[in-house]
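Enquirer: Have a look at this one.
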Amino acid sequence: MSKLIFEKGARGRTGASLPELDVPLKDISGLIPPGLARKNLPLPELTEPEVVRHYTELSKLNFSVDTNFYPLGSCTMKYNPKINEELANLPGFTHLHPYQSGDLSQGALTLMYNLEKSLSEIVGMDGFTLQPAAGAHGELTGILIVRAFFKDKGEKRKKIIIPDSAHGTNPSSARLGGFEIVEVETDGFGGIDIGHLGKVMNEETACLMLTNPNTLGLFEKNILEISSIVHQAGGLLYGDGANLNALLGKSRFGDMGFDLVHLNLHKTFATPHGGGGPGVGPLGVKKELLAYRPLPVVEKKGSRFYFNYDLPKSIGKVRSFYGNFLVMIKAYAYILSLGGEGLRKVAENAVLNANYLRTELKDYYDLPYDEVCLHEVVFSGNRQKARGVRTLDIAKRLIDFGLHPPTVYFPLNVPEALMIEPTETETKETLDYFIETMKKIAHEAEVNPDVLRQAPHNAPVGRLDEAKAARELDLAWRAK
Amino acid sequence: MDYSGNTPLQQKEMLEAIGLRSIEELFQSIPEKVRLQSSATPRARPLSEIEVVNELRDLAGQNKSALDYPLFLGGGYYDHFVPAALKFLIGRPEFYTAYTPYQAEASQGILQAIYEYQTFITLLTGMEAANASLYDGASALAEAALMAARINKRKTILVSQAIHPEYLSVLETYLSGSDLAIKRIPLKEGRVDSAFLKSSLDKDTSAVIISQPNFFGIFEEGERIAPFIRQNGSLYIVSVDPIALAMIRPPGEWGADIVVGEGQALGSGLNFGGPGLGFMASHLAFVRKMPGRLVGQTEDSLGRTGYVLTLQTREQHIRRAQATSNICTNHALNALAATIYLALLGKNGLKMVAGLCLQKAHYAARKITEIPGYKLKFKQPFFKEFVLSCPHPVEKINRRLLENKIIGGLDLAVRKKSLNGEFENCMLLAVTEKRSKEEIDKLIEVLKSLQKL
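Quick note, the sequences are listed as chains A and B, same order. Just so we're aligned: 12 in the working numbering is position 12 of the first sequence, and the numbers increase by one with no gaps anywhere. Just so we're aligned: 437 in the working numbering is position 437 of the second sequence, and the numbers increase by one with no gaps anywhere.
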């Protein structure tokens, strides 16, 4: 491993060129209260070339979409078009202050307004807020809107129903919003157990949070029946749109009966994940929920766009200012580039790629739900486990072949899960290489399981000791 | 362009392998009633790269930015210098096209960088442990309040009236689903009324929140109130400007339990308000109650040093409803920017930035208050921002400044409701290291010429 930045450099160096003071110098002791002035600032001292080399070296220790196939299920690791990066870096966007007047930011407001309209059209909702910074943040926003909606109606609904196969953010957002969670079971076909839903749904239920297609990559076939069960009991239907990639131009949340849905611009709309963010988790709502959106909302009067803060029913703000604007630019450019037709092709190729992997690998790995899937396919490593090889070992072995592992051990309703989402931007040649490698690994599990248990062999480090990391916590470097 | 590469022939081969005849058959599981037929949504046709560039350049051109006009706006987001090298480094696709580093062995680059980020934040704040970033300063503050309540199980959060009004709004929203109550601490001369604070503390007080410097740019007496809070068994949450920390003693030295803040100033740019990042630091003893990702150092079987995500049992993907927070995606790339910013500026550069802000803001304040009718609203010491009491409505002044190609300060009169005070004709003016004497002098000159409006 590379030395830490704190172990490099030498006293007196700096990597930034700053202007000299051009106003008369005043003694700091007269400006900062006595006792508050800092005596020691223990930061490293390096030249610009040293810093550039250090972080360039670190970057080379990373797998990424631009360097590796990255079939991480549920994360939609598609290619991030370069033109979108360039456009988000236009100085007319990056140097805008959030409090400058509307007259000086009409371009930014127009973009936000148009993006909201496009997203509404794509998923069939009546309006959006772009304020949430990530999917989970969109969920929290949605849950608080649900809460405000029922409070307004004078109904005391304390419960939210969530399937056992849901993303972990669903129950944790619901709890943060002050609700109790009721689990609904999955049936033998990977969908919601309608009978069970009918039993748990009642006048205490505020909403059902549903991921569609679900985390098994399967469309919720009974969606219309589910929607009617929820609505008949007076509840709302909340959509987790993390898997929208499968539905672009094919089906719309609004048409299925969803009242709210959050999307992930950093998944479906090709904005990069940045090693863990930033994203945008925009929330779409139907008409009766528009008034509850966070402040402010972009609106249009004549040909002029403005921020409307006059929404007395709003849940308030969920973050400062208006959201991750630079990410919105990238998504907007992506939608313009693809158009409706291109977006439909995205879904078609994403689903085709996932099904190709499904059919080519199902003789080698257990496939608990053997049916045509949508954007992702979930295998189980049960067969290999019988040989003493765990799914984690398979994942680590893939690294040796330059392939990023799939999502593992999720969803929770599949033992030893391997959740594979190839996305539409991978070619058949890449998929074939992945298939070959997965077959090779299945063979190794039979004849040489140790090579898997000790993987990875070609990475910058071998298998890391996570237990030690948690037991002997070391979260920051300290001068010796 | 849709960036997918399967040729019609390959699609046919793949469909054959799957055992289907058409692409449409892949979507048979969608009930017909909700399956879209051929009409594409949105209806817009795909645009070529040239057309997209023209469209977006046109939108960018409709804005006027801090590059066009000198800008004196602050209020939580500041026009600080971002070194060119930083943009090249965070623009490396190995960083920005990676996912959250769940697979440590394939993600050592970003993991080590986050470990360095965590270290930088602890060095700046004087705390023991920092997380791998949150969305922004406002949500970090709200998360800190929730964290405090998890630690001491008390129910009331006391908040200074001088925190950023948007942070207060976010705090209220985040806590609206909980059984926690928020009480505001009123101000005396633009900062926390310590006598009121002292008398408000009781056994229900979970935490006290202040901002240092506060929304008006003023330095709070952070150290003086710390003993009251500690003696009451409450936790002390301090929201800081990281640039100011180059100059003022870190909150960890004067009694803070959780330190949060907006990290936009550390290399993220203005971006019309996002993305920046939220940072959070605390005592090591509280780390299991912390929200968000944490990176820890460990070893592989050969004893080589490596980095992993650790204490994941706090997080939503393991603990689900019992997690410390719902956060998953955070602001890792902005945390990387902050890391590189601090590495580039280093000890001397960051001190210089803070010093330039301090000196230039005071120069501007001195010169402007020499103009008849302009006064400082508060007498307290300030950092890079101050409240000017003006002889005319700020809206009018700002309009005239704009005619002279200057973006003036923030109009506090329109925010008086959320600020809960009298701010008629008050302007919050920020001066960073990017403003030259020439620009400040031009601002002063125009203000002088506005004597009669």
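Glycine included, C-beta positions come from ideal geometry on N, C-alpha and C.
Residue 60 of chain B touches chain A at which residues, Cβ-Cβ below 7 Å?
Expert: By 1-based counting over the second sequence, the position of residue 60 of chain B is 60. Correct list: 90, 92, 93, 107.
Enquirer: Taking Cβ positions only, does residue 100 of chain A come closer than 8 Å to chain B?
Expert: Walking along the first sequence from the start, residue 100 of chain A turns up at place 100. Answer yes: the Cβ-Cβ gap between residue 100 of chain A and chain B drops below 8 Å somewhere.
Enquirer: Considering only C-alpha positions, which residue in the set B/194, B/178, B/177 is nearest to residue 184 of chain B?
Expert: In the second sequence, the residue the question calls residue 184 of chain B occupies position 184. Minimum Cα distance to residue 184 of chain B is reached at B/194.
Enquirer: So for residue 150 of chain A, helix, strand or coil by DSSP?
Expert: Locating residue 150 of chain A in the first sequence gives position 150, where the first residue counts as 1. Note: residue 150 of chain A maps to helix in three-state DSSP.
Enquirer: Among B/245, B/342, B/437, which one has its Cα closest to the Cα of residue 72 of chain B?
Expert: Position 72 of the second sequence, counting from 1, holds the residue named residue 72 of chain B. Looking at the Cα atoms, B/437 is the closest of the given residues.
Enquirer: Within 10 angstroms of the Cβ of residue 2 of chain B, are there 16 or more other Cβ atoms? Answer buried if so, exposed if not.
Expert: Taking the first residue of the second sequence as position 1, residue 2 of chain B is located at position 2. That one is buried.
Enquirer: Rounded to whole angstroms, what is the Cα-Cα separation between residue 410 of chain B and residue 187 of chain B?
Expert: On the second sequence, position 410 is the one that residue 410 of chain B refers to. On the second sequence, position 187 is the one that residue 187 of chain B refers to. In a straight line, the C-alpha of residue 410 of chain B is about 20 Å away from that of residue 187 of chain B.
Enquirer: Short of 7 Å in beta carbon distance, which residues of its chain neighbour residue 369 of chain B, apart from the five on each side in sequence? Order them along the chain.
Expert: Counting from 1 along the second sequence, the entry for residue 369 of chain B is found at position 369. So the list reads 375, 376, once near-sequence residues are dropped.
Enquirer: Going by beta carbon distance, what residues of the same chain come within less than 6 Å of residue 219 of chain B, once the five residues before and after it are set aside?
Expert: The residue you call residue 219 of chain B lines up with position 219 of the second sequence. 213, 381.
Enquirer: 8 Å is my cut-off, CB to CB: does residue 327 of chain A come that close to chain B?
Expert: Taking the first residue of the first sequence as position 1, residue 327 of chain A is located at position 327. For residue 327 of chain A, the answer is yes, since a Cβ of chain B falls inside 8 Å of its Cβ.
Enquirer: Can you tell me which of the three DSSP states residue 182 of chain A falls into?
Expert: Numbered from 1 along the first sequence, position 182 holds the residue referred to as residue 182 of chain A. Residue state, collapsed to three classes: strand.
Enquirer: Sorted by chain position, which residues of the same chain lie with C-beta nearer than 8 Å to residue 139 of chain B's C-beta, five sequence neighbours on each side aside?
Expert: Start at 1 with the first residue of the second sequence, and residue 139 of chain B comes out as number 139. Here the set comprises 170, 174, 278.
Enquirer: Taking 6 Å as the limit between beta carbons, can you name the residues of its chain near residue 312 of chain B, skipping five residues before and five after?
Expert: Counted from its first residue, the second sequence places residue 312 of chain B at position 312. Counting only residues of its own chain and dropping the five nearest sequence neighbours on each side, residue 312 of chain B has a CB closer than 6 Å to the CB of 318.
Enquirer: Rounded to whole angstroms, what's the CA-CA distance from residue 166 of chain A to residue 184 of chain A? Just pull it up for me.
Expert: Working through the first sequence from its first residue, we reach residue 166 of chain A at position 166. Working through the first sequence from its first residue, we reach residue 184 of chain A at position 184. Approximately 10 Å between the Cα atoms of the pair.
Enquirer: By the criterion of Cβ-Cβ separation under 9 Å, what are the contact partners of residue 252 of chain B in chain A?
Expert: Stepping through the second sequence from its first residue, residue 252 of chain B is reached at position 252. Within chain A, no residue has its beta carbon less than 9 Å from that of residue 252 of chain B; the closest one is some 12 Å off.
Enquirer: Judging by CA-CA distance, which residue of B/442, B/445, B/85, B/283 is the nearest neighbour of residue 144 of chain B?
Expert: Here residue 144 of chain B corresponds to residue number 144 of the second sequence, with the count starting at 1. Ranking B/442, B/445, B/85, B/283 by Cα distance to residue 144 of chain B puts B/283 first.
Enquirer: Please say whether residue 98 of chain B and residue 307 of chain B have beta carbons closer to each other than 8 Å?
Expert: The residue labelled residue 307 of chain B in the question sits at position 307 within the second sequence. The residue labelled residue 98 of chain B in the question sits at position 98 within the second sequence. Not in contact: residue 307 of chain B and residue 98 of chain B (Cβ atoms no closer than 8 Å).
Enquirer: Counting only the same chain and skipping the five closest in sequence on each side, list residues whose C-beta sits under 7 Å from that of residue 92 of chain A.
Expert: Here residue 92 of chain A refers to the residue found at position 92 when the first sequence is read from its first residue. So the qualifying residues of the chain are 107.
Enquirer: Compare the C-beta of residue 252 of chain A against all C-beta atoms of chain B and say whether one is closer than 8 Å.
Expert: The residue given as residue 252 of chain A occupies position 252 in the first sequence. Yes, because at least one Cβ of chain B sits closer than 8 Å to the Cβ of residue 252 of chain A.
Enquirer: Hey, how far is the Cα of residue 50 of chain A from the Cα of residue 57 of chain A?
Expert: Position 50 of the first sequence, counting from 1, holds the residue named residue 50 of chain A. Position 57 of the first sequence, counting from 1, holds the residue named residue 57 of chain A. If you take the alpha carbons of residue 50 of chain A and residue 57 of chain A, they lie about 11 Å apart.
Enquirer: Just reading off the beta strand (DSSP E) that residue 262 of chain A is part of, what are its end residues?
Expert: By one-based count along the first sequence, residue 262 of chain A stands at place 262. Segment 260–262, the beta strand (DSSP E) holding residue 262 of chain A.
Enquirer: Between the stretch 410–430 of chain A and the stretch 464–476 of chain A, do three or more beta carbon pairs fall short of 8 Å?
Expert: no
Enquirer: Go ahead and label residue 463 of chain A buried or exposed: buried means 16 or more other beta carbons lie within 10 angstroms of its beta carbon, across all protein chains shown.
Expert: As a first step, residue 463 of chain A must be located in the first sequence, where it is residue number 463. The residue in question, residue 463 of chain A, is buried, as its Cβ has 16 or more Cβ neighbours within 10 Å.
Enquirer: Which two residues bound the contiguous beta strand (DSSP E) that contains residue 407 of chain B?
Expert: Position 407 of the second sequence holds residue 407 of chain B. Premise fails: residue 407 of chain B is in no beta strand (DSSP E) and is neither H nor E.
Enquirer: For residue 396 of chain A, is the classification buried or exposed, using 16 other Cβ atoms within 10 angstroms of its Cβ as the cut-off for buried?
Expert: Locating residue 396 of chain A in the first sequence gives position 396, where the first residue counts as 1. Burial call: buried.
Enquirer: Can you tell me which of the three DSSP states residue 230 of chain A falls into?
Expert: In the first sequence, counting from the first residue as 1, residue 230 of chain A sits at position 230. Reduced to three states, the DSSP call for residue 230 of chain A is helix.
Enquirer: How should residue 58 of chain B be labelled, buried or exposed, when 16 other C-beta atoms within 10 angstroms of its C-beta is the threshold for buried?
Expert: For this step, residue 58 of chain B is matched to residue 58 along the second sequence. By the 10 Å Cβ count, residue 58 of chain B comes out exposed.
Enquirer: Can you list, in chain order, the residues of the stretch 190–217 of chain A whose Cβ is nearer than 8 Å to any Cβ on chain B?
Expert: From the stretch 190–217 of chain A, no residue has a Cβ closer than 8 Å to chain B.
Enquirer: So what does residue 163 of chain A bridge to, in DSSP terms?
Expert: Walking along the first sequence from the start, residue 163 of chain A turns up at place 163. Residue 163 of chain A is bridged by DSSP to A/184.
Enquirer: Kindly give me the distance between the Cβ atoms of residue 330 of chain B and residue 276 of chain A, rounded to whole angstroms, as I take these residues to be in contact under 8 Å.
Expert: As a working note, residue 330 of chain B is residue 330 in the second sequence. As a working note, residue 276 of chain A is residue 276 in the first sequence. Taking a contact as a CB-CB distance under 8 Å, the pair residue 330 of chain B and residue 276 of chain A counts as one, their CB atoms being some 6 Å apart.
Enquirer: Roughly how many whole angstroms lie between the Cα atoms of residue 173 of chain A and residue 359 of chain B?
Expert: Here the question's residue 173 of chain A lines up with position 173 in the first sequence. Here the question's residue 359 of chain B lines up with position 359 in the second sequence. Rounded to the nearest angstrom, the two C-alpha atoms are 45 Å apart.
Enquirer: Threshold first: 4 residues or longer. Then list the alpha helix (DSSP H) segments lying entirely within the stretch 204–270 of chain B, N to C.
Expert: 222–231
Enquirer: Tell me which residues share the same chain as residue 335 of chain A and place their Cβ nearer than 6 Å to its Cβ, disregarding the 5 neighbours each side in the sequence.
Expert: As a first step, residue 335 of chain A must be located in the first sequence, where it is residue number 335. The answer, listed in chain order, is 118.
Enquirer: As an exercise, report each continuous beta strand (DSSP E) stretch of at least 3 residues that is fully enclosed by the stretch 287–358 of chain A, in chain order.
Expert: Residue ranges of uninterrupted beta strand (DSSP E) with 3 or more members, entirely inside the stretch 287–358 of chain A and ordered along the chain, are 297–301, 304–308.
Enquirer: With three or more beta-carbon pairs closer than 8 Å as the criterion, would you say the stretch 85–102 of chain A touches the stretch 64–80 of chain B?
Expert: Inter-segment contact for the stretch 85–102 of chain A and the stretch 64–80 of chain B is present: three or more beta-carbon pairs are separated by less than 8 Å.
Enquirer: To the nearest whole angstrom, what separates the beta carbons of residue 237 of chain A and residue 230 of chain A, a pair I think is in contact under 8 Å?
Expert: Counting from one through the first sequence, the residue named residue 237 of chain A turns up at place 237. Counting from one through the first sequence, the residue named residue 230 of chain A turns up at place 230. About 5 Å; that satisfies the 8 Å criterion.
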